[in-house]
Every structure is written in C-alpha cells, then in structure tokens.
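Position 44, counted from 1, in the sequence shown is what our numbering calls 45; the numbers after and before it change by one each time, with no gaps.
We put the beta carbon where it would ideally sit given N, CA and C, even for glycine.
Structure record follows, encoded as structure tokens.
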Amino acid sequence: MRGMQVPSHVEYARATSIGHALSLLTSPEARPLAGGHSLIPMMKLRLAQPELVVDITGLRELAYITLGKGAEGGDELRIGALTTHAALLGDDLVDEMFPILTDAERVIADPIVRNWGTVGGSLCQADPSEDLSAAFSAARATAVIATASGSRTVPVRDFHLGPYQTVIEPGELLTEIRVPVRDGTGSAYEKVERRAGDWSIAAVGAVLTIEDNAVMTAGIGLTAVGAPHFAATEAEDHLTGRPATAESFAAAAELAAAHCRPVADQRGPEDYKRALVVELAQRALARAAARAGGER
Ligand code: FAD
Numbered sequence: 002m003r004g005m006q007v008p009s010h011v012e013y014a015r016a017t018s019i020g021h022a023l024s025l026l027t028s029p030e031a032r033p034l035a036g037g038h039s040l041i042p043m044m045k046l047r048l049a050q051p052e053l054v055v056d057i058t059g060l061r062e063l064a065y066i067t068l069g070k071g072a073e074g075g076d077e078l079r080i081g082a083l084t085t086h087a088a089l090l091g092d093d094l095v096d097e098m099f100p101i102l103t104d105a106e107r108v109i110a111d112p113i114v115r116n117w118g119t120v121g122g123s124l125c126q127a128d129p130s131e132d133l134s135a136a137f138s139a140a141r142a143t144a145v146i147a148t149a150s151g152s153r154t155v156p157v158r159d160f161h162l163g164p165y166q167t168v169i170e171p172g173e174l175l176t177e178i179r180v181p182v183r184d185g186t187g188s189a190y191e192k193v194e195r196r197a198g199d200w201s202i203a204a205v206g207a208v209l210t211i212e213d214n215a216v217m218t219a220g221i222g223l224t225a226v227g228a229p230h231f232a233a234t235e236a237e238d239h240l241t242g243r244p245a246t247a248e249s250f251a252a253a254a255e256l257a258a259a260h261c262r263p264v265a266d267q268r269g270p271e272d273y274k275r276a277l278v279v280e281l282a283q284r285a286l287a288r289a290a291a292r293a294g295g296e297r
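Here it is in structure tokens:
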C-alpha cells in the first residue's frame with residue numbers, strides 16, 4: 002500500500018467563502034487543501050485518505066500580512082493562513098520586525114514548494130520538522146481559528162497536540178497567525194540540513210527582548226528534536242532576567258539540548274542532534290541579541 006503513489010477515491014469541492022469552507026468541513030472525513038504540498042503526497046502514500054478535499058486556495062481574503070492592534074493594545078503582526086512561504090519571505094515588514102521568519106523561509110524547501118505552500122498548511126500539517134512551527138512558538142504567536150459560531154484563538158504553543166495532530170476540529174479552519182510586537186526585540190533562526198532545501202536535522206529559533214543588556218523575555222523554538230510544543234521552556238526560564246551575554250546563552254543552549262528528545266534517523270544520531278542544538282541555540286541567541294540592539 003505504502004508505495005502505491007495513487008490516492009484512493011476522493012470528492013473535491015472548491016470553497017467560495019470562509020463560511021462555505023466551514024460548512025463543507027463539518028464531516029470528520031473532509032480536509033482543507035491549501036498549497037497541497039503536504040496533503041497530496043500524504044494522499045498518494047495513503048497516509049491520508051480524506052473522503053472530501055475542500056480546496057481553499059480561492060479564498061484570497063486569507064492571503065495577507067498586516068499590522069494590527071492586539072487585545073492588550075500592543076501592535077501585532079497578522080499573517081493570513083493562505084499567505085505563501087514565498088510571500089512571507091519577500092515581505093519587508095516581516096524582515097524588519099521578525100527576521101526569524103525571513104531566516105526560516107530562506108531555508109524552507111525550494112522555490113516551487115515556497116510558491117505553493119502556505120503558512121497555515123505548514124502549521125496544520127504539524128510535522129515535527131516544520132520550521133515555521135518552531136519559529137512561531139519562539140515568537141509566542143497566537144492562532145486564530147474560524148468556527149461556525151465565530152472564531153477562537155489558541156496560543157501556537159497549545160496548537161499542536163502531537164505529530165500530525167492539532168486542536169482544529171471538524172468544521173473549523175485556521176485563518177490567521179498573530180505575532181505580538183515588542184520594542185527592543187530581536188530574532189533569528191539557525192538550521193542545519195543535509196543539503197539545500199531539505200528538512201532540518203535540527204534548527205533553533207530565538208526571539209529576545211532586551212533592556213539595559215538584560216533579557217526581559219526569551220522565546221526559544223526547536224525544530225525536529227522532539228521538543229514539546231517546539232519550545233525550550235527550561236532554557237527560556239533560565240535566560241529571563243539574566244544579562245544578554247555569551248555565558249548566559251551557552252548555559253541556555255545546554256539546557257535546551259538536555260531537555261529535548263531527538264531520535265536517531267537517516268538525518269543523524271541523537272547525540273549529533275543534541276550537539277547541533279547547543280551550537281545553533283548559541284548562534285540564534287547571539288544573532289537575536291545583536292538584532293535587538295539594532296543590527297540588521
Ligand atoms: P497542504 O498540503 O494543503 O495541507 C497540509 C495540512 O494542513 C492538511 O492536513 C490540510 O488539510 C491542512 N490545512 C491546510 N491549510 C489549513 C487551514 N487553513 N486550516 C486548517 N487546516 C489546514 N517544510 C519545512 O518547514 N521545512 C522544509 O525544509 C520543508 N521542505 C519541504 C520539501 C518538500 C519537497 C515538500 C513537498 C515540502 C516541504 N516542507 C518543508 C513542507 C512545507 O513547508 C509545508 O508542509 C507545506 O507547504 C504545507 O503547506 P500547504 O499549504 O502545501 O498545505
């Protein structure tokens with residue numbers, strides 16, 4: 002079965018509005034189709050066998066990047082779920098405010114996947130190696146989910162229930178990611194891959210807010226190394242309130258590596274992946290700190 006490369010029978014419907022999509026998605030056997038760069042390969046391998054595919058690519062109202070006001074009055078970057086990787090990569094506002102996303106996008110797949118694949122599809126695929134999941138976890142972003150009765154918000158750190166599993170229920174659609182904007186913030190993403198365009202062997206994202214050379218808030222995201230919710234919480238706790246120095250970053254990096262759970266696979270053994278976390282965390286933290294201080 003696994004090598005068959007032909008999907009089983011499936012119905013297809015094209016959503017003409019968000020409401021239309023939600024009504025089509027009420028069956029547990031229905032799945033939204035965004036860029037299709039994960040769903041279609043999964044269907045060909047019969048790892049996914051939806052009865053109905055709901056094509057949401059026509060919902061252009063879900064492709065945008067804007068600045069808005071958050072619930073607590075602060076600014077937030079709002080990214081529509083149908084924003085492609087390529088659009089995120091090419092956006093100047095994103096690069097200025099959250100270079101972690103630009104860094105990550107530069108090393109996600111290749112131009113063809115980036116032209117089709119979407120931010121929402123990436124998060125909803127919930128692959129443990131998905132770079133944007135770790136980047137948004139580091140940035141403490143919030144997911145906005147449309148439901149039949151309106152919408153609900155879920156912190157990205159609570160969005161993934163496990164590999165290939167999210168909190169999205171039948172009849173719901175991820176519509177937006179919100180990233181809180183704070184003054185004095187710098188961010189960066191560091192990834193090691195076997196060859197250009199490949200998935201991470203390991204990667205680390207960092208988002209630091211720094212005041213008077215002290216770390217006020219720290220977000221550290223880990224990709225492909227089995228970190229719960231893609232986050233290195235022990236390292237973040239250690240760093241908060243400490244001076245933004247190489248020594249603090251090294252200690253945090255050791256904690257991140259100690260508390261994640263990489264598994265040996267074709268990309269490398271466990272100890273190699275932990276060693277990468279130590280190195281990449283220090284690089285990401287140092288670069289995030291430099292950017293918080295105004296370096297571009
Ligand atoms: P789809 O395939 O359309 O959907 C994926 C899943 O999400 C499906 O279950 C679908 O039903 C669901 N879904 C989609 N949109 C929504 C929504 N708005 N609400 C609810 N559910 C939704 N990713 C990386 O992070 N790093 C890499 O290096 C990388 N390399 C890749 C290399 C190749 C060759 C390929 C094919 C993919 C690679 N990817 C990589 C994956 C890619 O980034 C995303 O997983 C892919 O683009 C998913 O986005 P999509 O829009 O194509 O989603």
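Under 8 Å, do serine 249 and leucine 256 count as touching if we go by C-beta distance? no
With 16 as the cutoff for other CB atoms within 10 Å, does tyrosine 190 come out buried or exposed? buried
If contacts are defined as beta-carbon pairs under 8 Å, then alanine 142 and arginine 179 qualify, I think. What distance do you get, rounded to the angstrom? 6 Å
Kindly indicate the opening and closing residues of the alpha helix (DSSP H) around alanine 86. Residue identity differs from the one stated: residue 86 is histidine in this sequence, not alanine. Looking at the DSSP string, the run of the alpha helix (DSSP H) that includes histidine 86 is 86 to 90.
Own chain, CB closer than 7 Å to arginine 15, minus 5 neighbours either side, in chain order: Asp56 and Gly59
Apart from the five residues on each side of it in sequence, which residues of its chain come closer than 7 Å, Cβ to Cβ, to glycine 185? Thr210, Ile211, Glu212 and Ala293
Name the two residues that bound the continuous beta strand (DSSP E) containing aspartate 199. Run containing aspartate 199: none; DSSP gives neither H nor E here.
Please determine, among Glu194, Ser188, Leu175 and Thr148, the residue with the shortest C-alpha to C-alpha distance to threonine 103. Ser188
Nearest-angstrom Cβ-Cβ length linking glycine 37 and threonine 85, presumed shorter than 8 Å: In fact, because the Cβ distance is near 12 Å, the residues do not count as touching under 8 Å.
Verify the contact flag: glycine 206, CB atom, against every heavy atom of the ligand FAD, threshold strictly below 7 Å. no
Tell me whether proline 33 is buried or exposed, calling it buried when 16 or more other Cβ atoms sit within 10 Å of its Cβ. buried
Closest by C-alpha distance to proline 263, when choosing among Thr224, Arg243 and Ser39: Thr224
Any non-hydrogen atom of the ligand NAP within 7 Å of alanine 110 CB: Ligands in the displayed structure: the ligand FAD; the ligand NAP is not one of them.
According to DSSP, is serine 188 part of a helix, a strand, or is it coil? strand
Leaving out five residues before and five after alanine 177 in sequence, what residues of the same chain have Cβ atoms less than 7 Å from its Cβ? A small correction: the amino acid at residue 177 is glutamate; alanine does not occupy that position in the sequence shown. Around glutamate 177: Arg79, Ile80, Gly81, Ala82 and Val145.
By the 10 Å Cβ neighbour count, where 16 or more other Cβ atoms means buried, how is aspartate 92 classified, buried or exposed? buried
Sorry if obvious, but does the Cβ on glutamine 267 come closer than 7 Å to a heavy atom of the ligand FAD? no
Simplified DSSP state of glutamate 194, which is helix, strand or coil: strand
For leucine 23 and serine 150, what's the separation of their Cα atoms in angstroms? 10 Å
Proximity of glycine 198 and isoleucine 101 at Cβ, strictly below 8 Å: no
Is it the case that the CB of serine 123 approaches a heavy atom of the ligand FAD more closely than 7 Å? yes
Figure out for me which residue from Ile19, Pro42 and Leu26 has the closest Cα to the Cα of serine 9. Pro42
With aspartate 76 as the anchor, note down where its beta strand (DSSP E) starts and where it stops. 76 to 81
Under the criterion of a Cβ to heavy atom distance below 7 Å, does leucine 174 qualify as lining the ligand FAD? yes
Can you tell me where the alpha helix (DSSP H) with histidine 260 in it begins and where it stops? 247 to 260
For glutamate 106, collect the residues of the same chain with a Cβ closer than 6 Å to its Cβ; drop the 5 residues on either side in sequence, then sort them by chain order. His86, Leu89 and Leu90
Hey, out of Ala31, Glu73 and Val11, whose CA is closest to proline 171's CA? Ala31
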